[in-house]
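Residue numbers (this note's numbering): 503 to 577.
Put into structure tokens, the structure is as follows:
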């Protein structure tokens, strides 16, 4: 039986929206929404980041998102 194989792919996305108070309110996290195009289809991805990382993100910024998945063992 073959072992489980991990696969990784990097997507280039553009930040479309940032939710949460970037001025350091009582929130512990921000939500970053980014869009990317794959196979001529525009999709989006949303993730949370610690509030202290808020200054690292801005709308229109290009970011890299690493996507991973596993291939189950083959008999």
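Ideal Cβ positions, reconstructed from N, Cα and C, are used throughout, including at glycine.
Residue i versus residue j: straight-line alpha-carbon distance, rounded
i	j	result
residue 541	residue 515	14 Å
residue 519	residue 512	20 Å
residue 517	residue 556	12 Å
residue 560	residue 570	25 Å
Reduced DSSP category for residue i - H, G, I as helix; E, B as strand; rest coil
i	result
residue 572	strand
residue 552	strand
Exposed unless 16 or more other CB atoms sit within 10 angstroms - verdict on residue i
i	result
residue 536	buried
residue 532	buried
Cβ shell of residue i (< 7 Å), same chain only, five flanking positions each side left out
i	result
residue 574	506
Close Cβ partners of residue i (< 8 Å) along its chain, the five nearest in sequence each way excluded
i	result
residue 545	537, 538 and 539
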